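In the working numbering, the protein residues as written are 59 to 314. Here a beta-carbon is modelled for each residue, glycine too, at the ideal position from N, C-alpha and C. Remember, predicted model here, so these are calculated numbers, not experimental data. One structure is given below, encoded as structure tokens.
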Amino acid sequence: MRRIILIPFLFILAFPALAQELTSPRSIIEANLEATGGQEAWEAVQDMHMKANIGIAMAMGEISISLESHSTTSGHIYGLVNLVDGPEGIPAEAVRQEVYVTPDGGWVKSAQGQQDINDMPAAARDGIRNQFTAKPELAYIDMPDSLLSLAGIRDLPDGSRAYEVKINMAGQETTVLYDVETLYQVGQEATTPMGAITMYSSDFRDVGNGLVVSFKQEGDAGDAGSQTVSLESFEINTGITPADIEKMSRPKISVE
């Protein structure tokens, strides 16, 4: 049975800004934080609740998947992936995934069994945590200059231009694209065991307090197929606690 690989995605966040000349990766990241509502506003976010639909186009047909997650900025995460629809021969358990993360560890549970997050490579652990980070630039801004670089300005497929900022986290390089006019984070590129991944964002919406999230990301990962991530909802500061998330991670007991 072919294993289904979900492209890691980060929610791409932005807010309109005046065009300006930026010449270093740190200045671009700082400008993005300012353009998206301000660093202080993002640091005030305590938790987020997200629902999304993921479409995967593969040779065997189109697969539709649901994703729901709760997370806190203290590092507690619970995520659940389920099959919604797909070609015959793909059982729901082959797609279902649960993720539970704490500041000290956690696990990923799938049809292949349960894997302790601390047994994964550092890049994989960081990748999981970054998927559920409301504003990754808050982490980027604290990184040393040696892990940040500006590769230049790139022409994008839609005719726009973007700063090409390279971020080195846990030995894995990710390219983050920021529109030169709006300073929106409009794309990301990374290399995975399945090959190069490129994701572009669109459909930006205000989710409260002047903070804006891209509600659509589209990308291609070669053998893993092309994917479209469409957010159904994105809420911040819902009041959920680490204890609530721990309860979600407990085994479900069915009563018949």
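Beta-bridge partners assigned by DSSP to Y136: H128 and Y158. Ranking V265, S129, T160 and E151 by CA distance to the CA of N176 puts T160 first.
A distance of 7 Å or more separates the beta carbons of Y198 and S307. Where Y242 is concerned, there is no enclosing beta strand (DSSP E), because DSSP gives it neither an H nor an E. Counting of Cβ neighbours within 10 angstroms places Q275 among the buried residues, the total reaching 16 or more. For G185, the secondary structure class from DSSP, reduced to helix, strand or coil, is helix. Three or more beta-carbon pairs drawn from the region 88–103 and the region 224–244 are found closer than 8 Å, and the two stretches are therefore classed as touching. A contact between stretches requires three or more CB pairs, one per stretch, nearer than 8 Å, and the region 203–221 meets this requirement with the region 239–246. By the Cβ rule, the region 126–133 counts as touching the region 98–107, because three or more pairs are nearer than 8 Å.
Sequence-distant Cβ neighbours of L269 in its own chain, meaning closer than 6 Å and more than five residues away, are G95. In this structure, K224 sits near S207, with a CB-CB distance shorter than 7 Å. With a threshold of 16 other beta carbon atoms within 10 Å, V265 meets it and is buried. In the DSSP assignment, Q97 falls within the unbroken alpha helix (DSSP H) covering Q97 to E101. About 6 Å separates the Cβ atoms of Q285 and I112, confirming a contact at the 8 Å cut-off.
Here the alpha carbon of E126 sits roughly 22 Å from the alpha carbon of A279. In the assembly as shown, P179 is an exposed residue. Its beta-carbon has fewer than 16 other beta-carbons within 10 Å. Nearest C-alpha to V271 among P194, A182, S85 and G210: P194. Runs of the beta strand (DSSP E) spanning 3 or more residues and lying entirely within the region 202–226 occur at 206–213, in chain order. For E88, the enclosing alpha helix (DSSP H) begins and ends at P83 to A93. Contact annotation: L138 and E156 have beta-carbon atoms nearer than 7 Å. In the three-state DSSP reduction, I175 falls in the helix class (H, G or I). Secondary structure note for L289: it is in no alpha helix (DSSP H), and the uninterrupted beta strand (DSSP E) holding it is S284 to I294. Taking C-beta atoms under 8 Å as the contact rule, A181 and W100 fail to qualify, at a distance of about 24 Å. The closest CA to that of S291, considering only A110, E222, I211 and R84, is found on A110.
In its chain, beyond the 5 residues on either side, A220 and E222 have a beta carbon closer than 6 Å to the beta carbon of R212.
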